[in-house]
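Since the structure comes first, as C-alpha cells, the remarks are kept for the end.
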Amino acid sequence: MPPQWKTEKVKELAERFRNHENVFLTDFTGLGVGEFTDLRRRLREVQARYQVAKNSLILRAAKEVGYDFLEAHLTGPTGLVFASEEVNLPAKILLDFYKSGEKPRVKAFLLEGRLYTSLDDFKTVASLPTRQELLARLVAGVEAPVSNLIANIRSLFQQLVSTVDSVAQKRKAEE
C-alpha cells in the first residue's frame, strides 16, 4: 500500500486533470531557481498553475481520468501547467521562456482533452488571440458597419441641405 502522501498527491493531480482540460507537460531540466520562481509567478498572473510531481504519480492520476496516452511523454523531469480557459496566455509565457533559453521544453499538451505533441501546434496555440482580443474584434466588426451607415446618412443629409441651399440661392438670384 502506497504512503498516504502519495495517495493524496495522486488524488490532487487527478482532480486537477478533471478541472482543467488544458494541461502542458514540460521538461524543466536546466531551469534555475530564479527562473522557476519567475515562471510560476507569471503563470499565476494568468490563472495557471505550475506543478512538479513524480512521473509515476502523474501517470496514476492520468490513468484515473482516462489520460493513459500521456505515459509516452512522462520521461525525465516533468512539470505540469494547469491552464484556465485562456490556454493561449500560459502558452505565450512558456514560449517566451523557451525562446529565451530553450527551457522549459514543452513535451506535449492537452487542449480540451486532446493530446498535441508538435512544437508547431504549441506555437499556434501561443499565437492565438485572447478572449478579450476576440471580443474587441467582434465589437469593432459589428460597430464598423453601423458607423459607416451613420456617416453615409450624415453625408446624404449634408448633400441634401447643400442642394436645397443652392436651389434657394438660385431662386433668390432670379427674383
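In our numbering, the protein residues as written are 8 to 182.
In this text, a Cβ means the ideal position worked out from N, Cα and C, and glycines have one as well.
None of the values given here were measured: they were computed from a predicted structure.
Reduced DSSP category for residue i - H, G, I as helix; E, B as strand; rest coil
{"i": "Phe4", "result": "No answer is possible for residue 4: it lies beyond the span of the chain, which begins at 8 and ends at 182."}
{"i": "Gln54", "result": "coil"}
{"i": "Val72", "result": "coil"}
{"i": "Val40", "result": "helix"}
{"i": "Leu81", "result": "coil"}
{"i": "Val88", "result": "strand"}
Residue i versus residue j: straight-line alpha-carbon distance, rounded
{"i": "Arg121", "j": "Val149", "result": "33 Å"}
{"i": "Glu140", "j": "Asn62", "result": "36 Å"}
{"i": "Ala133", "j": "Gln165", "result": "48 Å"}
{"i": "Arg56", "j": "Ile100", "result": "12 Å"}
{"i": "Pro10", "j": "Leu118", "result": "32 Å"}
{"i": "Phe89", "j": "Arg48", "result": "14 Å"}
{"i": "Trp75", "j": "Leu38", "result": "Note that residue 75 is Asp in the sequence shown here, rather than Trp. Answer to the nearest angstrom: the Cα atoms are 27 Å apart."}
{"i": "Ala158", "j": "Glu181", "result": "35 Å"}
{"i": "Gly41", "j": "Thr14", "result": "30 Å"}
Burial state of residue i (16 or more Cβ within 10 Å)
{"i": "Asn95", "result": "buried"}
{"i": "Ile160", "result": "exposed"}
{"i": "Lys16", "result": "buried"}
{"i": "Leu44", "result": "The sequence given here places Thr at residue 44; Leu does not occur at that position. Exposed, because fewer than 16 other Cβ atoms sit within 10 Å of the Cβ of Thr44."}
{"i": "Ile65", "result": "buried"}
{"i": "Asn29", "result": "buried"}
{"i": "Ala68", "result": "buried"}
Nonlocal neighbours in the same chain, by C-beta distance under 7 Å from residue i, ignoring five residues either side
{"i": "Leu135", "result": "Asn95"}
{"i": "Thr137", "result": "Glu93, Asn95, Leu96"}
Residues near residue i by beta carbon distance below 8 Å, same chain, minus five either side
{"i": "Arg25", "result": "Val72"}
Inside the segment 102-162 only - beta strand (DSSP E) runs reaching at least 3 residues: 112-118, 121-123
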